[in-house]
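Engineer:
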Amino acid sequence: MRKNIVAGNWKMNTTMQEGVALADQIKNLLIKSPNCEVVLCVPFTHLTSIAQTVNGSIIAIGAENCSDKESGAYTGEISAAMVRSTGAKYVIIGHSERRTYYGETAEILKEKVLLALKNDLIPVFCIGEVKEERQADKQNDIVKAQLEKSVFNLSVDDFSKIVFAYEPVWAIGTGLTATPEQAQQMHACIRQLIAEKYGNTIAQNTSILYGGSCNAQNAATLFANHDVDGGLIGSASLKATDFKAIIDAI
Ligand code: PEP
């Protein structure tokens with residue numbers, strides 16, 4: 076059966092020392108084994124130190140991005156192999172902030188997913204529509220195209236390793252959240268698209284997380300939906316007690 080996952084996305088927040096302290100706080104709050112996989116996706120500079128901080132705990136770590144190139148003369152880039160060598164298990168790929176601010180196209184994301192998988196990283200692949208697309212009732216077509224262009228090329232074996240995050244762009248960092256009904260409808264749609272392409276067993280085993288202003292107050296009603304398998308959490312993952320409350324909501 077599919078896994079429930081609560082993953083934090085720290086974005087470009089915290090110095091390395093602050094990040095280690097936050098990871099330590101979260102670790103200390105998780106005395107009892109939670110009902111889900113807990114992942115901290117942190118800045119590249121923090122990965123090695125936080126891997127040491129959470130070593131021996133149930134927390135897994137992930138990066139927020141990786142390069143679309145394997146290695147070589149790409150100054151400033153961080154490869155999937157480098158990410159993996161820190162002890163990271165996950166990598167976020169296709170976050171709307173990367174698509175919007177750094178021009179990451181579907182083709183670039185396709186390369187990133189392939190390289191992540193080749194290096195034994197689990198991609199947390201983000202998809203979702205912008206406000207105008209939702210207003211025009213185009214959200215299902217948008218996520219379908221995002222899947223087709225970046226991940227529906229994968230073999231069954233590779234595809235079965237991916238985790239998805241449905242993140243309506245209008246809900247990210249805005250305080251607006253998809254209603255539980257909107258989230259369930261879209262997650263069911265994504266699962267149906269996966270079933271049509273890869274079959275029902277793969278679809279039922281794929282974890283689909285919700286992201287977009289998910290917090291300690293609304294997490295339980297979002298996670299209560301049958302097709303919502305946890306969350307990708309931005310700002311609320313930067314406060315240990317809030318993040319713990321979201322984990323408890325699963
Ligand atoms: C995100 O950036 O993935 C996210 C969901 O952010 P927030 O929770 O702050 O909306």
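Using my numbering, you'd call the opening residue of the sequence shown number 76 and step up by one each time. Backbone N, C-alpha and C fix where the C-beta goes; we use that ideal spot for every residue, glycine too.
Would Gly169 and Ser225 qualify as a contact pair, given that the criterion is a beta-carbon distance under 8 Å?
Structural biologist: Along the sequence shown, read from residue 1 onward, the residue named residue 169 stands at position 94. Along the sequence shown, read from residue 1 onward, the residue named residue 225 stands at position 150. Yes, the Cβ-Cβ distance between Gly169 and Ser225 is below 8 Å.
Engineer: If you draw a straight line from the alpha carbon of Ala324 to that of Leu297, how long is it in whole angstroms?
Structural biologist: For the purposes of this step, residue 324 is taken as residue 249 along the sequence shown, with counting starting at 1. For the purposes of this step, residue 297 is taken as residue 222 along the sequence shown, with counting starting at 1. Their backbone Cα atoms lie some 9 Å apart in a straight line.
Engineer: With distances taken from CA atoms, which of Glu208, Gln100, Ala163 and Asn140 is nearest Ile153?
Structural biologist: By 1-based counting over the sequence shown, the position of residue 153 is 78. When only C-alpha atoms are compared, the closest one is Asn140.
Engineer: Which partner residues of Ile308 appear in the DSSP bridge assignment?
Structural biologist: Position 233 of the sequence shown, counted from the start, is the residue given in the question as residue 308. DSSP, once it has assigned bridges, lists Gly83 as partnering Ile308.
Engineer: Thr316 to Gln100, Cα distance in whole Å?
Structural biologist: Stepping through the sequence shown from its first residue, residue 316 is reached at position 241. Stepping through the sequence shown from its first residue, residue 100 is reached at position 25. Computed Cα separation, rounded: 9 Å.
Engineer: By how many angstroms is the C-alpha of Pro118 removed from the C-alpha of Pro267?
Structural biologist: Stepping through the sequence shown from its first residue, residue 267 is reached at position 192. Stepping through the sequence shown from its first residue, residue 118 is reached at position 43. First, the residue type needs correcting, since residue 267 is Gln and not Pro in the sequence shown. Approximately 33 Å, taken between the alpha carbons.
Engineer: For the beta strand (DSSP E) that Ile134 lies in, which residues bound it at each end?
Structural biologist: The count along the sequence shown starts at 1 and reaches residue 134 at position 59. Residues Ile134 to Ala138.
Engineer: If we count Cβ pairs, one from each stretch, closer than 8 Å, do we get three or more for the region 85-94 versus the region 104-113?
Structural biologist: No, because fewer than three Cβ pairs between the region 85-94 and the region 104-113 fall closer than 8 Å, the two stretches do not touch.
Engineer: Is Ile269 closer than 8 Å to Ala258 when the C-beta atoms are compared?
Structural biologist: For this step, residue 258 is matched to residue 183 along the sequence shown. For this step, residue 269 is matched to residue 194 along the sequence shown. Contact flag unset, no.
Engineer: Going by beta carbon distance, what residues of the same chain come within less than 7 Å of Pro243, once the five residues before and after it are set aside?
Structural biologist: Position 168 of the sequence shown, counting from 1, holds the residue named residue 243. Correct list, in chain order: Gly203, Glu204, Arg209, Ala253 and Gly287.
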